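Written below as structure tokens is the structure these notes are about.
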Amino acid sequence: MKTILASTITLLFVTIMWMPSGFCQNDVRSKALKIHQAVYTIDSHNDTPMGFGESGFDPSIRHDFKEDESCVDFPRMKDGGLDGAFFAVFTGQGPLTNEGRESAYARAKKTFGYIHKTVELHPEMAGIALTPEDGYKLGKQGKVSMFIGLENGYPIGLDISRVSEFYNLGARYITLCHTRNNDICDSSTDRKGALHNGLSEFGKQVVFEMNKLGIMVDVSHISDKSFYDVIELSKTPVIASHSCARALCNNPRNLSDEMLTALAKNGGVIQMCILSGYVKEQEPNPARDSAFSLVQKKYGDWSKLSPETQKLARAEYSEIMKKYPEKLANVTDLVDHIDHIIKIAGIDHIGIGTDFDGGGGLSGCQDVSEMGNITMELVKRGYSKKDIEKIWGGNLFRVMNEVEMFAAKHKK
Ligand SMILES: [Zn+2]
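For the record, in the sequence shown the residue sitting at position 379 is 401 according to my numbering, with numbers rising by one throughout.
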């Protein structure tokens, strides 16, 4: 999958990064290393582009999580043996007004621009990937792949032609909504409850258009009713780009066993989110919660803040996290979800989508350089190379190919 030189260098780095924390069996470690290197590894969701452009985060430079709490850059992707990731073009949910929609559209276009600019500036390190084939090709050249997903269909507004516009800019999945309802569908976490009772009429057109073009429908964040509407309507398998199992962590963002069964029947895939609060229910911490909500109130809509103000807000959040440290879930907890999902949905319907730089990170997998620890735990539990290959991207690529093939047929 990679040039021998790149593999050797990465192997060296990975060996250094994977200190035997808790794993004392050398044969397990060396088997995990071998498998992790051999399979194509892909993370279906990070929010790293939020830091691109005017916010000044340069992904070509190695950063340190301990210094700036950033999780992803190209050198650390190499350290962690991660071949590719879906970089999200994210917009927070604002008001359902023309002004709100237009400002989200402008913001999304800017972020697409930043992602493309990044590969223009660092063609020796990374490339844009539109298909699994592109990913493998870039891997052979020793480069990391930047796939693009649109997190939140809000910037589509009410203009269906923007779906193909985003496709042409490289988006290969669209997360239909975020934490609140939008024009497309209801969210799983909107405090006001349902607005459309699932997918709206416009949302149905959006799903139809995505099927037609070859964009994966991402059901993460959407309400249960929206999920079942999508499953019924979509002519191609769907993905949950970053979600966990509700049976193990009761959060509306996670998928119930019934939903997992429906997803498997649909041929889709759930990509395990490694955000601690979705992996393990948090012990209540009212002091921390109220400190967070004060900062939230003070700064309001993140997307409207200037880069300087964003820096200030980030520093305040970081202070709170230091003052009230969260007890993070760990890699064992994460793999418990994987075991459960496989029990319910089967080995062909599971993958990994970290949500790094959007809140993702666990004890033992705090940034992308530590991704190999997941493989280590999988090997420890007896998963085969074939299983691990499916988990680390084989299943996601299968869906991506099916979605692409459906669109190709439709275009004829
Ligand atoms: Zn998200």
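Ideal Cβ placement from N, Cα and C applies to all residues, glycine included. Since the model is a prediction, treat every value here as computed from it, not as a measurement.
Find out if the Cβ-Cβ distance for the pair residue i, residue j is shorter than 9 Å.
i	j	result
Met-99	Thr-140	no
Gly-290	His-371	yes
Gly-78	Phe-134	no
Ile-366	Ala-267	yes
Gly-386	Asn-352	yes
Tyr-176	Gly-122	yes
Leu-400	Leu-350	no
Pro-81	Phe-87	no
Thr-201	Gly-114	yes
Phe-378	Ile-296	yes
Asp-69	Gly-415	no
Phe-109	Ile-170	yes
Leu-282	Lys-302	no
Asp-436	Ile-196	Residue numbering for the chain in the displayed model covers 23 to 434; residue 436 lies beyond these limits and cannot be assessed.
Asn-204	Asn-174	yes
Thr-397	Ala-54	yes
Phe-112	Val-166	no
Ser-242	Ser-263	yes
For a test of your reading of the model: does the CB of residue i fall under 8 Å from any non-hydrogen atom of ligand 1? Yes or no.
i	result
Gly-179	no
Thr-397	no
Asp-311	no
Asp-208	no
Thr-211	no
Ser-248	no
Ser-242	yes
Glu-305	no
Thr-133	no
Gly-383	no
Thr-197	yes
His-371	no
Gly-175	no
Gly-116	no
Gly-299	no
Gly-380	yes
Quick one: grab the DSSP three-state call for residue i.
i	result
Asn-106	Asn is not the amino acid found at residue 106; the sequence shown has Gly there. Gly-106 falls in the strand class under three-state DSSP.
Ala-60	helix
Met-147	coil
Gly-44	With a pLDDT of only 43 at Gly-44, under the threshold of 50, the placement of this residue in the model should not be trusted, and no figure is reported.
Leu-118	coil
Phe-79	coil
Gln-304	coil
Asp-95	coil
Ala-267	strand
Asp-389	coil
Thr-133	helix
Glu-426	helix
Thr-211	coil
Asn-352	strand
His-67	strand
Val-260	coil
Val-185	helix
Glu-280	helix
Arg-84	coil
Tyr-127	helix
Gln-293	strand
Gly-157	helix
Arg-194	strand
Val-421	helix
Ile-439	Because residue 439 is not part of the residues shown, which for the chain are 23 to 434, the question remains open.
Ile-178	helix
His-432	helix
Ser-52	helix
Leu-316	helix
Phe-169	strand
Asp-409	helix
Contact check, residue i vs residue j under 8 Å by CB: the rounded distance?
i	j	result
Tyr-250	Gly-157	Actually they are not in contact, since the Cβ atoms of Tyr-250 and Gly-157 sit about 31 Å apart, beyond 8 Å.
Asn-288	Phe-428	Their Cβ separation, rounded to whole angstroms, is 13 Å, which puts Asn-288 and Phe-428 out of contact at 8 Å.
Met-198	Ile-206	With the sequence shown as reference, residue 198 is identified as Leu, and Met is not the correct amino acid for it. Rounded, the Cβ-Cβ distance is 5 Å, consistent with contact.
Ser-210	Ile-244	6 Å
Measuring alpha carbon to alpha carbon, tell me which of the options ends up nearest residue i.
i	options	result
Asp-212	Arg-275, Pro-81, Gly-322, Ile-364	Arg-275
Lys-333	Gly-149, Met-72, Lys-131	Met-72
Lys-408	Glu-142, Gly-149, His-58	His-58
Gly-236	Val-425, Gly-368, Asn-395	Val-425
Ser-92	Gly-382, Gln-227, Leu-316, Cys-199	Gly-382
Tyr-405	Ser-242, Ile-360, Thr-376	Ile-360
Asp-389	Asp-101, Ser-52, Ala-60	Asp-101
Ala-60	His-67, Gly-161, Ser-263	Gly-161
Phe-419	Ile-396, Asn-395, Ile-374	Ile-374
Met-294	Val-228, Asp-181, Thr-376	Thr-376
Asp-358	Pro-329, Arg-403, Glu-338	Arg-403
Gln-227	Arg-194, Thr-258, Leu-180	Leu-180
Pro-154	Ala-430, Asn-48, Thr-258, Val-421	Val-421
Ala-430	Tyr-136, Thr-258, Ala-313	Thr-258
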